Structures are given as structure tokens and as C-alpha cells.
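Colleague: I have a structure here, written as C-alpha cells, and I will follow up with some questions on it.
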Amino acid sequence: NTVSAAMHICNDAERNSIVNAVIDDAVGISCTKAGCIAMCRVYDAVPSEQQAALAVVVMKQFIALSTHDYGNYVVQHLLRHSVSVTRMICFSAAVAALNEPNGMTNIACNKFGSHVLEVVFREAEDEPFMELFLRVVEDSMVVSFLVHDSFANYALQSAFRRVASIDSDLKG
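Counting from 9, one number per residue, gives the positions in the sequence shown under my numbering.
Rendered as C-alpha cells:
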């Protein structure tokens, strides 16, 4: 993989220059076929402070990137592979975006966004996951809408599976 190899052979100044360039155009890079792959590789190759900086920029555009045919891969990658502070940045941004008016339905009913939502439901810590889940199921009209949408239905099924898993763990 060319990007990973390049990041590993660069000195710190060169690597910082690359990362700064990527941060400056993170959304644009994430929205191209080759760029989304490169973005994930750069993210994996840099130290945690730079991962956090990349995550902040990407996750500010959570809804736009989650519903984009290439950008969604970057969001999913960050949600799956982030740790510590960066993980908190990613999931806090995701929860905030999903709590915006129509945020949940805009993402859930999108072909690409529904995949991102499944990752959020699967990877989030129990407490934020349950907050999101309860927010969805408290409105029967939203549940009905999501059940009847071909993309949202899969995300909703993932959420119900997760609730069942949490419930069985508690009954233990």
C-alpha cells in the first residue's frame, strides 16, 4: 500500500506536511474513490494527536460524509478504528449529528448512511447507544417510517439486535 509506505519512510516534517495538507482538504479527499482509501491509510499511519485532528475535521461533516458514496467509508473507518480520545470525538460527533432534527432519518434512509448508522449502533458504548435507540423508538411515527424504508430497516434491525444482546448480558 503506497500511502502507508510513504508515511512510514517520511521524516516527521514531511509527514506533518502531508497530514496538514490532508486536514486542509479532508472532506474533498474523502469524497473521491482513491481519496477515501488514502484518507484511511493516512489516518492509520499517523500518531494519535494527528488522528484526533483528522477526526475533528471529518466528523464535523458527519451527515454529509455519511451519506456520500465514498465519504461514508472514511466515517466508518474512523468509527471502527479510533481509540481513546479520538474515539470519543468520533462518537460524540455522530451522536450529536443523529440528534439533530431529521439527522437520524436523513442518515438511516440513505443507502450509504444506513451502513454508517449500523456501525454506530454496533460500535458505540452501551450508554450512548441506548440513548440513540430510545430516541428512535420513543416516536412511533419515526419507527414506522424507518421500518418501511429499505435502507433504514437494516439499521433498525441492527439496533434491535444490539438491544437484545445488551439485555441478555444484563440477565447473564
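Yeah, the Cβ is synthetic: ideal placement off N, Cα and C, and Gly gets one too.
Here the structure is a predicted model, which means the values were calculated and not measured.
What residues in its chain sit with their C-beta under 8 Å from that of residue 162, if we drop five residues either side in the sequence?
Modeller: For the purposes of this step, residue 162 is taken as the residue at position 154 of the sequence shown. 122 and 126, listed in sequence order.
Colleague: Let me check understanding here. Comparing Cα to Cα, which of 18, 42, 152 and 138 lies closest to residue 78?
Modeller: Indexing the sequence shown from 1 puts residue 78 at position 70. If we check each option's Cα against that of residue 78, 42 comes out closest.
Colleague: Sorted by chain position, which residues of the same chain lie with C-beta nearer than 7 Å to residue 61's C-beta, five sequence neighbours on each side aside?
Modeller: Sequence index remark: in the sequence shown, residue 61 carries index 53 (1-based). Excluding sequence neighbours, residue 61 sits near 31.
Colleague: Can you list, in chain order, the residues of its chain whose CB lies under 6 Å from that of residue 58, leaving out five sequence neighbours each side?
Modeller: The count along the sequence shown starts at 1 and reaches residue 58 at position 50. Excluding residues within five positions, the ones whose Cβ falls inside 6 Å are 27.
Colleague: With a 10 Å radius around its C-beta and 16 neighbouring C-beta atoms as the bar for buried, classify residue 149 as buried or exposed.
Modeller: In the sequence shown, the residue the question calls residue 149 occupies position 141. Looking at its Cβ environment, which holds fewer than 16 other Cβ atoms inside 10 Å, residue 149 is exposed.
Colleague: Provide the residue span of the alpha helix (DSSP H) that contains residue 89, from first to last.
Modeller: Position 81 of the sequence shown, counted from the first residue, corresponds to residue 89. First-last of the alpha helix (DSSP H) with residue 89: 79-89.
Colleague: Using a Cβ-Cβ cut-off of 6 Å (strictly less than) and excluding sequence neighbours within five positions of residue 29, which residues of its own chain qualify?
Modeller: Position 21 of the sequence shown holds residue 29. None.
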